[in-house]
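Student: Residue numbers (UniProt numbering), protein chains in the order written: chain A, 1 to 334; chain B, 1 to 334.
(1) On the three-pair Cβ rule with 8 Å, is the region 190-210 of chain A touching the region 185-199 of chain B?
(2) Who are the neighbours of residue 134 of chain B on chain A, taking C-beta pairs under 9 Å?
(3) Which term fits residue 315 of chain B, buried or exposed, when burial requires 16 or more other beta carbons within 10 angstroms of its beta carbon?
(4) Tell me whether the beta-carbon of residue 124 of chain A lies closer than 7 Å to the beta-carbon of residue 82 of chain A.
(5) When Cβ atoms are compared, which residues of the region 117-149 of chain B fall closer than 8 Å to chain A?
(6) For chain A, check one thing: does any of its Cβ atoms lie closer than 7 Å to the Cβ of residue 179 of chain B?
(7) What residues in the region 189-209 of chain A have a beta carbon less than 9 Å from any beta carbon of chain B?
(8) Mind pulling the chain A residues with CB within less than 7 Å of residue 93 of chain B?
(9) Whole angstroms is fine: what's the gap from residue 242 of chain A's alpha carbon to residue 64 of chain B's?
(10) Quick one: list the residues of chain A neighbouring residue 170 of chain B, beta-carbon separation under 7 Å, in chain order.
(11) Could you pull the start and end residues of the beta strand (DSSP E) that residue 126 of chain A belongs to?
(12) Distance check for residue 240 of chain B and residue 312 of chain B, CA to CA, integer angstroms please.
(13) Can you tell which of A:230, A:194 and A:271 has its C-alpha closest to the C-alpha of residue 245 of chain A?
(14) Considering only C-alpha positions, which residue in the set B:58, B:35, B:74 and B:46 is nearest to residue 66 of chain B?
(15) Can you tell me whether DSSP reads residue 267 of chain A as helix, strand or coil?
(16) Given that a residue counts as buried once 16 or more other Cβ atoms are within 10 Å of its Cβ, and exposed if not, what is residue 55 of chain B?
(17) Under a three-way DSSP split, which group does residue 73 of chain B fall into?
(18) Using the beta-carbon of each residue, which ones in chain C are nearer than 9 Å to residue 258 of chain A?
(19) Which stretch, first to last residue, makes up the beta strand (DSSP E) that contains residue 18 of chain B?
(20) On the DSSP bridge list, what partners appear for residue 239 of chain A?
(21) Given a threshold of 16 other Cβ atoms within 10 Å of its Cβ, counted over all protein chains shown, does residue 179 of chain B qualify as buried or as exposed?
(22) Compare the C-beta of residue 229 of chain B with all C-beta atoms of chain A and state if any pair is closer than 7 Å.
(23) Anything in chain A within Cβ reach of residue 79 of chain B, meaning under 8 Å, just list it in chain order.
(24) Residue 337 of chain A CB to nearest chain B CB: under 7 Å?
(25) Would you identify the three-state DSSP class for residue 67 of chain A, choosing helix, strand or coil?
(26) Hey, quick one: how far does the beta strand (DSSP E) through residue 168 of chain B stretch, first residue to last?
(27) Taking 7 Å as the CB-CB limit, is residue 2 of chain B close to chain A?
(28) If contacts are defined as beta-carbon pairs under 8 Å, then residue 196 of chain B and residue 249 of chain B qualify, I think. What distance do you get, rounded to the angstrom?
(29) Helix, strand or coil for residue 156 of chain A per DSSP?
(30) Tell me whether residue 162 of chain B, by its Cβ, gets closer than 6 Å to a heavy atom of the ligand GTP.
(31) Pair every Cβ in the region 153-161 of chain B with every Cβ in the region 88-106 of chain B, then say whether three or more of these pairs are closer than 8 Å.
(32) Could you give the uninterrupted runs of the alpha helix (DSSP H) lying entirely in the region 42-118 of chain B, keeping only those of 4 residues or more?
(33) Below 6 Å CB to CB, which residues in the same chain sit around residue 51 of chain B once its five sequence neighbours on both sides are set aside?
(34) I'd like the span of the alpha helix (DSSP H) that includes residue 184 of chain A, first residue to last.
(35) Spatial neighbours of residue 32 of chain A within its chain, please: CB distance less than 8 Å, with the 5 preceding and 5 following residues excluded, ordered by chain position.
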């Protein structure tokens, strides 16, 4: 019996897949404790949340109080140095694969806005239109258009315009940014990205060469027009935990090229309308509520899910009924 | 005996290695006919050379007459369209891995200057400082410095300054150029670059992702400030034949992304001072005469090679003498 449990457990573990491009729990809920231990990040505990409250003199964001942001890497160090009077900067991003943002996409942006307001720090927002062009087989023009559309939704989150730089890779890549891409790329082998991201030899070299592009906004030298002369400014990245592989790689490389490791603060996945076994995803429009959906669209999507769930329950009841599960208990042992 | 010959032949074939980073004949001379058949390019015959003479109304360059440029891909098509009044542009380049250019490096530049003068066409020259930074483990700053130093030697070849654009990747990569890099990268798998360039899974992703960067100057859309609205302008690449793998890949991808294939005109390797089994290489300063070498330096290098060759012959004579090869013939059958 103990053996059987062990086997079931390992199958379950195998079935939970979390990469920047795929989130699947294998049926049940995502097991975030397992993710923390697999990825090697730390739990965000109440001590840290209390420190944030003290340092910012305002109540911590509801996403902190309710555990939506639940894991971190070196967030304590960011708070230590902030306490000593050192600033940091924020970096978050978006892969523009849909016309508009959905509720899941908004989580890091809403939280980043709070962090910017509370700590009064600069922010860079990367739109990886090159990534989506390569992964989703979109044309360059369409990827750039989606990046522009998504930027409008992001701007609507209300960031401090004097402290915020939004850029797309197609628009900004080059110069000091590209120099850092090369510095990172030569520190990471194909075998390593195969281990971190699950790439295979059949994958195209665009995918294989991409991770350094998402890595380098973690370094202030990638933005000489913002941070010139502040090469040691630390970076804090608010993101969903599926982006962790990129920054595990970045943190591994950083000291080898003389840079500081970025710190991370990581959120749960925003659940799909279908339930908590997957994340809200632009790949499945029925799983998501978009910021551009009308009240009526949202009603339809939610009602459909309720209707679908009811139908499923009724179907299950009819099956159970066939096997006699709803007969009076005495009949269970005829 | 026939079998033995066959075996020797196949060993010899195995030993001839020609990639953009390594040229080795395995002892004898480079077998260029084998290279042509292995790479799948065409021989540059006297008909084509005569056509060049007619079209340009000047004697063909000595490098054409003497077979230094000996192979091509679609050079005939370039001449066809030129005859109809369509222009083309030239693209050549340099990986800045040494302080100065040596005689071998000068070959494509001297020939490109002739082509520019004869056909009156624009020219782009790429300095792949990013490539050398990654392959030679140079710092970004050192690679950029070498690119600048090399640019001076290149300029000294006397190109038409109204028709020539010299750029380094660190300086120019971005915008339309980067868009083309992404378009090419997503058409080529790791398995393909492994086959074409011999990369291995232990190689870093900088190397693996680089080939599209050398590919895209073949497309006029990579230079909107030069060729805006002339998206179908054909490109002719004069280079040494070791660069062929890059452009085999480029020609394979071009039609899939709606672009014209570049044409090529390819040279022999400039021999090392040590002999024709290798090419003059910046990796071995004794193999090369640099444009910055003084008359005295050159004398020393050449005299050393003569001295070395004499010593080798004398050594061989003394060995042969030991075995009695210089005795009178009657003594061979004592």
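Using N, Cα and C, we set each Cβ at its ideal position, and we do this for glycine too.
Tutor: In brief:
(1) yes
(2) 182, 185 and 186
(3) exposed
(4) no
(5) 130, 133, 134, 137 and 140
(6) yes
(7) 189, 190, 191, 192, 193, 194, 199, 200, 201, 202, 203, 204, 205, 206, 207, 208 and 209
(8) Those do not exist, as residue 93 of chain B stays about 17 Å from chain A at its closest Cβ, beyond 7 Å.
(9) 58 Å
(10) 178 and 179
(11) 123-127
(12) 31 Å
(13) A:194
(14) B:46
(15) strand
(16) exposed
(17) strand
(18) Absent from the structure is chain C; the protein chains it does hold are A and B.
(19) 17-19
(20) A:266
(21) buried
(22) no
(23) Neighbours of residue 79 of chain B on chain A: none; closest Cβ ~33 Å, over 8 Å.
(24) Nothing in the structure corresponds to residue 337 of chain A, since chain A is present only between 1 and 334.
(25) coil
(26) 164-168
(27) With a pLDDT of 44 at residue 2 of chain B, under the threshold of 50, the predicted position of this residue should be treated as unreliable, and no value is reported.
(28) 6 Å
(29) coil
(30) No copy of the ligand GTP appears in this structure; indeed no ligand is present at all.
(31) yes
(32) 46-56, 62-65 and 75-83
(33) 79
(34) 175-185
(35) 70, 71, 241 and 268
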